[in-house]
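Written below as structure tokens is the structure these notes are about.
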Amino acid sequence: MICSTLGSYSYVQENTLLLGAEVGPFCSIAANVTIGLVDHPTSLVSTSPVFYDRSQPLPRFFASQNAAQGSIPRTVVGADVWIGERAMIRAGVSIGVGAVIGAGAMVTRDVPPYTIAAGVPCRRLRQRFDATLCAVLADSEWWTLSEQRLSELAPYFASPEVFLTMLRKQE
40 MICSTLGSYS
50 YVQENTLLLG
60 AEVGPFCSIA
70 ANVTIGLVDH
80 PTSLVSTSPV
90 FYDRSQPLPR
100 FFASQNAAQG
110 SIPRTVVGAD
120 VWIGERAMIR
130 AGVSIGVGAV
140 IGAGAMVTRD
150 VPPYTIAAGV
160 PCRRLRQRFD
170 ATLCAVLADS
180 EWWTLSEQRL
190 SELAPYFASP
200 EVFLTMLRKQ
210 E
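Its first residue numbered 40, the sequence shown is counted upward by one per residue in this note's numbering.
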């Protein structure tokens, strides 16, 4: 993890790189995932970092200082996102709450909440739930509840509809 944050109850498996990423709570990130993938500049004479990026672990540099590249855009992974093994997510992309990213996907664009997406390039396969249920789940912000409330509601997580009913009943 480099210049990144990882939300409560989120985890990353081995050989995963987070670069300038903000990962929400309850996320499951598989092995060999790269989040915050940056491009080499294509407008320079060479794409080699020896000419523009002295922060790289290279034995020699031809640039006396870093070329003006601007900052790396933040990559945002919402709450309760599942990212499959070997997925790559470009810097600046946002992955919505509850989304699922398939193994080996190359994510170059934002992924809406509760979307299942996969492929190279990554594309939407389907929504996890109907549009109304997706909106109500997202609006509930259940991932911000206290540990006690989550423990009380845990028996209802198997059914989103029952979960939402119990959430409203206990408010």
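All C-beta atoms in this analysis are idealised placements derived from N, C-alpha and C, irrespective of residue type, glycine included.
Exposed unless 16 or more other CB atoms sit within 10 angstroms - verdict on residue i
i, result
"T55", "buried"
"P112", "exposed"
"F65", "buried"
"I68", "buried"
"L57", "buried"
"T44", "exposed"
"G141", "buried"
"Y50", "exposed"
"I122", "buried"
Strand pairing of residue i, partner residues [DSSP]
i, result
"A156", "I140, R163"
"S43", "DSSP, once it has assigned bridges, lists no residue as partnering S43."
"V116", "V62, I134"
"S67", "Y50, W121"
Backbone secondary structure at residue i - three-state DSSP
i, result
"A60", "strand"
"R129", "strand"
"Y50", "strand"
"S205", "A small correction: the amino acid at residue 205 is Met; Ser does not occupy that position in the sequence shown. Here M205 sits in helix by DSSP."
"V77", "coil"
"T147", "coil"
"T55", "coil"
"S179", "helix"
"R172", "Position check: residue 172 holds Leu in this sequence, whereas Arg was assumed. Three-state DSSP puts L172 in a helix."
Cβ neighbours of residue i in the same chain (closer than 6 angstroms, five flanking residues each side left out)
i, result
"V115", "E61, S133"
"G143", "R125"
"I46", "For clarity, residue 46 is Gly in the given sequence; the question names Ile instead. Result list for G46: V62, G63, P64, in chain order."
Rounded Cβ spacing between residue i and residue j (contact assumed at less than 8 angstroms)
i, j, result
"V146", "R129", "6 angstroms"
"A102", "G117", "Not a contact, Cβ separation roughly 37 angstroms."
Residues of its chain near residue i, where Cβ-Cβ distance is below 7 angstroms and the 5 sequence neighbours each way are ignored
i, result
"N71", "N54, T55, E124, R125"
"P88", "Q95, L97"
"T81", "none"
"P160", "M145, T147"
Any C-beta of chain D under 9 angstroms from that of residue i
i, result
"F90", "In the structure shown, chain D cannot be found, because there is only a single protein chain."
Contacts around residue i, its chain only, beta-carbon distance under 8 angstroms, and the 5 residues preceding and following it disregarded
i, result
"D119", "G63, P64, F65, C66, V136, G137, W182"
"R162", "A156"
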